[in-house]
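Counting with full-length UniProt numbering, you get residues 1 to 643 for the letters of the sequence shown.
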Amino acid sequence: MSAVPPNPAVVTVRLTVSQAVVRFLQAQFSERDGVRRPFFGGVFGIFGHGNVAGIGQALLEAEEGALGDDWEPPAHLRYMTGRNEQAMVHAAVGYARQQDRLQTLAVTASVGPGSTNMLTGAALATVNRIPVLLLPADVFATRVASPVLQELEQPYGYDVSVNDAFRPLSKFFDRVWRPEQLPSALLGAMRVLTDPAETGAATICLPEDLQAEAWDFPVELFRERTWRIARPVPEKVAIAEAADLIRSAKAPLVVAGGGVVYSQATEALRAFVEATGIPVGQSQAGKGAIRYDHPLSLGAVGSTGTTAANEIAAEADVVIGIGTRYSDFTTGSRTAFQNPDVRFVNVNVASLDAVKHAGLPVQADAREALEALTEALEGFSTPDAYRERAARLNREWDAVVDRFFHSGIGEAKGLLAQAEVIGAVDEVAGDRDVVVCAAGSLPGDLHAMWRSRDPKQYHVEYGYSCMGYEIPGGIGVALAAPDRDVFITVGDGSFLMMPTELVTAVQEGVKVIVVLLQNHGFASIGALSEQHGSQRYGTRYRKRSESGRLEGEKLPVDLAANVESLGIRTLRAGTRKELVAALQDAKASRESTCVYVETDLYSEAPDGGGWWDVPVSEVSHLESTRAARTWYEGEKRTQRPLL
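Next comes the structure, spelled out in structure tokens:
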């Protein structure tokens, strides 16, 4: 039986559910600070039988301008073909993050594995609080042909499909069984996507038969809507209480998180710290919230932090967290803040983060709160000696970084150290260029050593630390910021997880610079394994030897040739001089380029004194593990039971 049409007094247009979805997406805009922009910059998709005749057909009609004779579309959604569904979500995340969450992409996938391939991307988006709209196809709503190809049957209910796995990974989830349900699903998804406190993955499951079903939709659904991205203002009493607590501090510290960048509060942060003399440590997402060479910038804080930030953090009596969710890396697994009387002031749009560590919550937009705090703290300043100490610690760390950037160790060994590669990229990249990374040892080294000069220059996905994010995420950044060069730094481990979106870069004419480090193993986990008594077991890319163990020769894999086969120009570098020249060549070129370099698996980076809680086996026959357990128990004693 066909769906009952709406009230005849309501002006309607007859569209399929898929056509209605596409038409709706074209009419959504966001606005903040008086600047209005289309909310959806395009659609990534891979078509299968679950969406090719539904969403695929609707996108085609939109591209040809045929979605109803009575309607002039704003501008058709740019459709882009991905190569892996997870990667498409990563690209959407990269795009949305570069746009400060004011714009995003939609992602469509077919039924079954096409949709479940997006699960990791959904988790990554939600963990990082980045808006992405997911449109997974689903099994037949009518059940007329069940079980259909790729349907997972459950004996306890026919209304469950594999897409229910998106429920705990999404900030909004709905499955549209009937056309009448579509308007509320679309509006509900937009509410969440444009809420800075609640944003993340929004998932609307679309059964494949429903996608092609027509209904008389109210025209009102497709009028242009402008969603204002809120800047919640802080309560006056909260600002007054926070100001009183900060005034009582002898050693205050700001921890800047991603919320500072997303709310475009970097100038407000600079004004605040210059007025008060409070130094700033930065989380991974907050890197770039203040320039690396500002005298009150202490650089990265926590497990992968600098000696400057971690020294001040250990003594801080008031920690002012701004836009941070206080991950274990930021707090050094709760070892960074050692002052027994430490108190927290937490500025955040999300109440979940504002109340952490029993802190004094200031639930507000970062820029609004910083401006209010600066005014409330008029006349307050840390002593000159405290400011001078921060500046000195900053200079000392910068000198350490410079030594690692130009150590010359790679020339002597015949393999460049990872720090030397980062130094070369730092040297060549312009102030507005973007460095992208996600997992392995590179994010820690970048966090500690990269010299951020612009709020959007540093793009490291570390909320989910997902191997394989780098290339698709970097493509998303390049789509969002075509006026910036994007340097994708990726190790061989992450590269092998998801290199295929390079084909998408070629197809779309998107320029990226891939800096591919080949060290024949997992550098980060290898070092962690060794430190924790597991002897780098299973972390090196080696052939199986005659003993039956993975300890033979290096694998004869040529990743540079692999990149070339995907249509990307590739340059090889063996020395630092060659590396700098290759990076300069890549930057000057108008096409995507991969700069391939062999690096030392065992190279070291500067130690900032941070710690990360990774438990060691309590009992073992291995002496290496027993020794590591003794060390671990000693480190564990420094943890604080912060609420």
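Beta carbons are placed, not taken as given, at the ideal position from N, Cα and C, and that holds for glycine.
- Bridge partners of LYS554 according to DSSP: ARG542.
- For a cut-off of 8 Å, the C-beta gap from ARG540 to GLY526 is around 7 Å, short enough to register as a contact.
- Going by DSSP, PHE272 is part of the alpha helix (DSSP H) stretching over 266-276.
- Residue state for TYR632 is assigned as helix, using DSSP reduced to three classes.
- Under the DSSP assignment, GLY526 falls in the alpha helix (DSSP H) whose first and last residues are 523-531.
- The C-beta of THR226 has fewer than 16 other C-beta atoms within 10 Å across all chains shown, which makes the residue exposed.
- Within the region 548-632, complete alpha helix (DSSP H) segments of at least 4 residues are found at 559-565, 576-588, given in chain order.
- DSSP, reduced to helix, strand and coil, places PHE329 outside both helices and strands of the structure shown, so it counts as coil.
- Between LEU186 and VAL21, the alpha-carbon positions lie close to 8 Å from each other.
- Residues of the same chain with a CB within less than 8 Å of the CB of ARG626, apart from the 5 flanking positions on each side, are GLY533, SER620 in chain order.
- If you draw a 10 Å sphere on the C-beta of ARG392, you find fewer than 16 other C-beta atoms in it, and that means exposed.
- In terms of CA proximity to ALA201, MET88 leads the group TYR596, GLY474, MET88, GLY34.
- About 7 Å separates the beta carbon of GLN507 from that of THR81, a gap short enough to meet the 8 Å contact definition.
- With the rule of 3 Cβ pairs closer than 8 Å, the region 114-121 counts as touching the region 132-141.
- The region 456-473 and the region 120-130 touch, with no fewer than 3 CB-CB distances between them shorter than 8 Å.
- ARG97 sits in a helix when the DSSP states are folded into three classes.
- The count of Cβ pairs closer than 8 Å, one atom from the region 265-272 and one from the region 368-375, reaches three, so the stretches are in contact.
- Within the model, the alpha-carbon separation for ALA265 versus ALA309 is close to 21 Å.
- At the C-beta level, ALA438 and SER524 stay beyond 8 Å of one another.
- By the Cβ criterion, the region 465-477 is not in contact with the region 553-562, since fewer than three pairs of Cβ atoms, one from each stretch, lie closer than 8 Å.
- Note on VAL512: 16 or more other CB atoms within 10 angstroms of its CB, so buried under the neighbour-count rule.
- Shortest Cα-Cα distance from GLY574 to any of GLY410, PHE222, ALA249 involves GLY410.
- Of the candidates ASP433, VAL421, ASP454, GLY538, the residue whose Cα lies closest to the Cα of VAL515 is VAL421.
- When only Cα atoms are considered, LYS250 and THR304 end up about 25 Å apart.
- Sequence-distant partners of GLY94 (beyond 5 residues in either direction) whose C-beta falls short of 6 Å from its own C-beta, in its chain, are GLY473, GLY476, VAL477.
- Rounded to whole angstroms, ALA366 and LEU193 show a C-alpha spacing of 19 Å.
- Across the structure, SER184 and VAL616 are spaced so that their CA atoms are roughly 49 Å apart.
- An exposed status is given to LEU149, since fewer than 16 other beta-carbon atoms sit within 10 Å of its beta-carbon.
- Pairing VAL345 with ALA242 gives a Cβ-Cβ distance under 8 Å.
- Around the CB of GLY41, 16 or more other CB atoms lie within 10 Å, so the residue is classed as buried.
- The C-beta of ARG484 has 16 or more other C-beta atoms within 10 Å across all chains shown, which makes the residue buried.
- Looking at the DSSP output, ALA300 shares a beta bridge with GLN282.
- Of all C-beta pairs linking the region 584-599 to the region 379-397, fewer than three are shorter than 8 Å, placing the two stretches out of contact.
- Put simply, the backbone Cα of MET497 is about 32 Å away from that of ASP195.
- Rounded to the nearest whole angstrom, the CA to CA distance from ALA230 to GLU623 is 57 Å.
- For GLU31, the uninterrupted beta strand (DSSP E) run begins and ends at 28-32, by DSSP.
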